[in-house]
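J.: Reminder that position 475 of the sequence shown reads as 475 in my numbering, one-by-one numbering, no gaps.
Here it is: the structure, laid out below.
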Amino acid sequence: PAMAHQAPHPVAATAQRAAPALVVTLVVDQLSANLFNQYRGQFTGGLKTLADQGLVSINGYQTHGVTVTCAGHSTVLTGMHPAHSGIPANDWIDTRTGEETYCLAAPQNTLAHGKNTDNGPVGPDQLKATTLGDWLKAVSPRSRVFGVSGKDRGAINLAGHKADGAFWLTADFGFTTYVEPGQSAEAKLAPVAAINARMIDRFTREAPTWTYSHDACRRLEGQWVIGGQTFNSTVPPSNFSLDNSPILDELTLEGAAELLDNQQLGRRGVTDMLGVSLSATDRIGHGYGTQGPEMCEQMLRLDAALGVFPDKLSTIPGGAVVVLTADHGGSDFPERSSAEGYPAAGRVDRALMPRVNDALKARFNLTANPLVSSAGGLIVVDGDRKALAEPLRSEVLAAAVDLLNAEPQVALAVSRDALLAEPMPASDNPEELSLRQRLRLSAVAERSPDIMRAYQPGLTGSGRVGATISSHGSPWDYDRRVPIIFWWPGANGQERFLPMRTIDIAPTLAHLIGVKPTDDVDGRCMDLPQFATGRCEGQKP
Numbered sequence: 001p002a003m004a005h006q007a008p009h010p011v012a013a014t015a016q017r018a019a020p021a022l023v024v025t026l027v028v029d030q031l032s033a034n035l036f037n038q039y040r041g042q043f044t045g046g047l048k049t050l051a052d053q054g055l056v057s058i059n060g061y062q063t064h065g066v067t068v069t070c071a072g073h074s075t076v077l078t079g080m081h082p083a084h085s086g087i088p089a090n091d092w093i094d095t096r097t098g099e100e101t102y103c104l105a106a107p108q109n110t111l112a113h114g115k116n117t118d119n120g121p122v123g124p125d126q127l128k129a130t131t132l133g134d135w136l137k138a139v140s141p142r143s144r145v146f147g148v149s150g151k152d153r154g155a156i157n158l159a160g161h162k163a164d165g166a167f168w169l170t171a172d173f174g175f176t177t178y179v180e181p182g183q184s185a186e187a188k189l190a191p192v193a194a195i196n197a198r199m200i201d202r203f204t205r206e207a208p209t210w211t212y213s214h215d216a217c218r219r220l221e222g223q224w225v226i227g228g229q230t231f232n233s234t235v236p237p238s239n240f241s242l243d244n245s246p247i248l249d250e251l252t253l254e255g256a257a258e259l260l261d262n263q264q265l266g267r268r269g270v271t272d273m274l275g276v277s278l279s280a281t282d283r284i285g286h287g288y289g290t291q292g293p294e295m296c297e298q299m300l301r302l303d304a305a306l307g308v309f310p311d312k313l314s315t316i317p318g319g320a321v322v323v324l325t326a327d328h329g330g331s332d333f334p335e336r337s338s339a340e341g342y343p344a345a346g347r348v349d350r351a352l353m354p355r356v357n358d359a360l361k362a363r364f365n366l367t368a369n370p371l372v373s374s375a376g377g378l379i380v381v382d383g384d385r386k387a388l389a390e391p392l393r394s395e396v397l398a399a400a401v402d403l404l405n406a407e408p409q410v411a412l413a414v415s416r417d418a419l420l421a422e423p424m425p426a427s428d429n430p431e432e433l434s435l436r437q438r439l440r441l442s443a444v445a446e447r448s449p450d451i452m453r454a455y456q457p458g459l460t461g462s463g464r465v466g467a468t469i470s471s472h473g474s475p476w477d478y479d480r481r482v483p484i485i486f487w488w489p490g491a492n493g494q495e496r497f498l499p500m501r502t503i504d505i506a507p508t509l510a511h512l513i514g515v516k517p518t519d520d521v522d523g524r525c526m527d528l529p530q531f532a533t534g535r536c537e538g539q540k541p
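Here it is in structure tokens:
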């Protein structure tokens with residue numbers, strides 16, 4: 001890993017700038033570089049401000065191969081690939097017990113709203129790396145660190161281990177959080193109690209609705225047949241809910257604004273941090289695809305909702321810096337992609353896995369299917385989803401890898417243990433990583449599946465109208481490429497076309513605010529010459 005996070009060279013006093021009083025990290029869930037570029041010319045609000053005035057890397061990368069929400073969020077403020085953050089996926093099956101584990105499971109905790117909903121008891125324990133907020137707290141205990149999101153895994157990954165609060169939206173309550181043993185739910189919820197009361201009052205009087213805000217989006221309406229069902233692409237969608245609409249992000253940003261004000265972030269003589277993960281783009285992408293009126297509305301309403309943020313941050317006396325990126329990209333549902341000129345788009349053959357399992361059962365005289373899906377790959381297990389005994393496990397695994405690689409729809413299948421035996425690849429140029437290297441950056445012992453596999457470009461799993469019709473998670477660049485934007489009040493616009501990685505964000509911000517990572521991070525500090533406190537270590541002053 002790069003060692004660019006050490007203290008900068010001394011520079012002339014005239015070039016020194018005080019560390020910003022506030023660091024805001026915005027992660028737009030499923031905002032691919034493609035989607036950002038597609039709508040960039042139509043932005044008029046906050047995204048326009050960031051894109052026009054910020055330092056924009058249009059070739060930002062989630063460098064790894066299993067491109068899902070929890071893994072992607074774990075890279076942004078740790079500076080670590082998932083292989084080192086310990087978060088390979090959103091969940092995984094523990095083959096010692098046969099049980100599924102959520103990526104942020106913390107069974108010793110409770111949820112502040114008093115119900116065991118969402119993903120159950122959660123916390124940062126599964127995250128094996130420290131975060132920028134943790135590094136800051138270590139040297140500045142008075143600093144405040146918060147995370148807020150539509151999803152628990154968005155808020156907690158950005159807030160880190162030592163946060164003052166990590167809040168996410170939950171149905172019929174508002175913002176909730178996790179409560180550790182000995183803590184009070186009321187005390188943990190205090191920063192969001194006022195906005196929760198207002199939200200409940202507002203929605204009791206009038207249920208949220210989604211109507212067209214931008215008439216131009218109507219031109220994208222259409223009708224598609226997916227899995228034998230008809231999907232009407234329109235607004236509002238037939239299965240409208242707050243969770244899969246632009247309202248989710250608008251409420252999240254209300255919560256972020258509330259925390260800025262009631263916690264006096266950036267106004268107390270120390271550097272504070274606020275992480276904001278915006279989940280609606282992901283929910284809308286999964287439910288309706290990325291090229292219809294639903295996503296058109298989402299992009300333009302998100303831009304509008306972010307509109308007040310730059311102005312609000314410009315009033316912070318000690319200055320603020322904003323970084324915007326995404327946890328992963330995404331693509332449209334294959335039926336529309338195919339009709340719009342991408343013939344490779346399609347769905348994985350439903351008979352592929354039964355075919356491979358039947359061959360393995362016959363060869364090894366097994367009664368249960370030995371391959372089960374887990375964490376974006378496959379585990380080799382018995383009927384209780386527990387690991388087969390050796391040497392049978394290794395024999396079945398080797399045969400399964402061969403059978404999968406013989407399938408035309410499979411681009412690569414490789415055992416996790418084979419990947420873990422290989423060195424971590426240098427990822428400074430993420431565009432040139434091989435498929436195998438991308439999967440290596442996602443491989444975590446005991447958590448990643450026994451077999452890590454990638455389908456050919458353009459292929460996605462089966463879709464069901466009313467549930468998920470398009471997805472992400474692949475090692476291909478439409479799922480890896482994301483925007484990375486740094487902005488601060490008074491910034492002059494700059495474009496950077498050379499690749500930057502999400503793992504570079506944390507060491508870059510650490511240099512900016514004058515703290516050091518407590519881990520040997522995978523990312524490297526990137527120079528921000530307009531406002532940095534000197535060049536990154538190893539750069540000429």
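Using N, Cα and C, we set each Cβ at its ideal position, and we do this for glycine too.
The structure displayed is predicted, hence computed values, not measured ones.
Please report the distance separating the alpha-carbon of Cys217 from that of Asp303.
T.: Looking at the two C-alpha atoms, the distance is approximately 15 Å.
J.: Given Ile247, which residues of its chain have a CB within under 8 Å of its CB, disregarding the five upstream and five downstream residues?
T.: Same-chain partners within the cutoff: Pro208, Trp210, Ala280.
J.: Which residue marks the beginning of the beta strand (DSSP E) containing Glu99, and which one marks its end?
T.: Element bounds for Glu99: 99 to 102.
J.: State the Cα-Cα distance for the pair Ser233 and Leu26, rounded to the nearest angstrom.
T.: In a straight line, the C-alpha of Ser233 is about 28 Å away from that of Leu26.
J.: Alpha carbon to alpha carbon, what distance is there between Ser474 and Ser238?
T.: Rounded to whole angstroms, Ser238 to Ser474 spans 28 Å at the Cα level.
J.: Along the chain, where does the alpha helix (DSSP H) containing Leu251 start, and where does it finish?
T.: Looking at the DSSP string, the run of the alpha helix (DSSP H) that includes Leu251 is 247 to 262.
J.: Could you check what DSSP says for Pro541 in three-state terms: helix, strand or coil?
T.: At Pro541, the pLDDT of 42 sits below 50, so the modelled position is not reliable; the number obtained from the coordinates is stated separately. If DSSP states are grouped into helix, strand and coil, Pro541 belongs with coil.
J.: Taking all protein chains shown into account, do 16 or more other C-beta atoms lie within 10 angstroms of the C-beta of Ser373, making it buried, or fewer, making it exposed?
T.: When all chains shown are included, Ser373 counts as exposed.
J.: Apart from the five residues on each side of it in sequence, which residues of its chain come closer than 6 Å, Cβ to Cβ, to Pro20?
T.: Contacts found: Gly319, Ala320, Val321.
J.: For Thr204, tell me which candidate among Tyr178, Phe173, Arg219 has the shortest Cα-Cα distance.
T.: When only C-alpha atoms are compared, the closest one is Phe173.
J.: May I ask you to report which of helix, strand or coil DSSP gives Leu528?
T.: Leu528 falls in the coil class under three-state DSSP.
J.: Please state the DSSP three-state secondary structure of Gln223.
T.: Strand, per DSSP.
J.: Once the 5 residues before and after Leu55 are set aside, which same chain residues still bring their CB inside 6 Å of it?
T.: Closer than 6 Å at Cβ, skipping near neighbours: Phe486, Gln494.
J.: State the DSSP-derived secondary structure class of Ile503, mapped to helix, strand or coil.
T.: Of the three classes helix, strand and coil, the one that applies to Ile503 here is helix, per DSSP.
J.: What separation, rounded to the nearest whole angstrom, lies between the Cα atoms of Trp92 and Ser448?
T.: Computed Cα separation, rounded: 7 Å.
J.: For the beta strand (DSSP E) holding Glu454, just list the boundary residues, first then last.
T.: With the sequence shown as reference, residue 454 is identified as Ala, and Glu is not the correct amino acid for it. Segment 451 to 455, the beta strand (DSSP E) holding Ala454.
J.: What residue range is occupied by the uninterrupted alpha helix (DSSP H) comprising Ala304?
T.: Segment 293 to 305, the alpha helix (DSSP H) holding Ala304.
J.: Output the boundary residues of the alpha helix (DSSP H) element that contains Arg153.
T.: Per DSSP, Arg153 belongs to the alpha helix (DSSP H) from 152 to 159.
J.: Please state whether DSSP places Met424 in a helix, a strand or coil.
T.: In the structure shown, Met424 sits in coil (DSSP, three-state: anything other than H, G, I, E or B).
J.: List the endpoints of the continuous alpha helix (DSSP H) containing Tyr478.
T.: First-last of the alpha helix (DSSP H) with Tyr478: 477 to 480.
J.: In the DSSP assignment, find the unbroken alpha helix (DSSP H) run with Val76 in it and report its ends.
T.: Per DSSP, Val76 belongs to the alpha helix (DSSP H) from 69 to 76.
J.: Reducing DSSP to helix, strand and coil, say where Val270 ends up.
T.: The answer is coil: DSSP assigns Val270 none of H, G, I, E or B.
J.: Using only the alpha-carbon positions, how far apart do Arg440 and Gly255 sit?
T.: For Arg440 and Gly255, the distance between alpha carbons rounds to 37 Å.
J.: Please report the residue range of the beta strand (DSSP E) in which Ala413 lies.
T.: Residues 410 to 415.
J.: Any idea which residues DSSP pairs Trp168 with across the strands?
T.: Paired residues: Ser149, Thr176.
J.: Check whether the Cβ atoms of Ser149 and Asp332 sit closer than 8 Å, and answer yes or no.
T.: It is not a contact, given that the beta carbons lie outside the stated cut-off.
J.: Looking at the secondary structure, which residues open and close the alpha helix (DSSP H) in which Gly285 lies?
T.: Residues 280 to 288.
J.: Classify Phe364 as buried or exposed, calling it buried when 16 or more other Cβ atoms lie within 10 Å of its own Cβ.
T.: Result: exposed.
J.: Only counting runs of 3 or more residues, tell me where the beta strand (DSSP E) segments fall wholly within the segment 21 to 85, in order along the chain.
T.: Counting whole runs of 3 or more residues, the segment 21 to 85 contains the beta strand (DSSP E) stretches 22 to 28, 55 to 61.
J.: Would you identify the three-state DSSP class for Ala359, choosing helix, strand or coil?
T.: DSSP places Ala359 in helix when its eight states are reduced to three.
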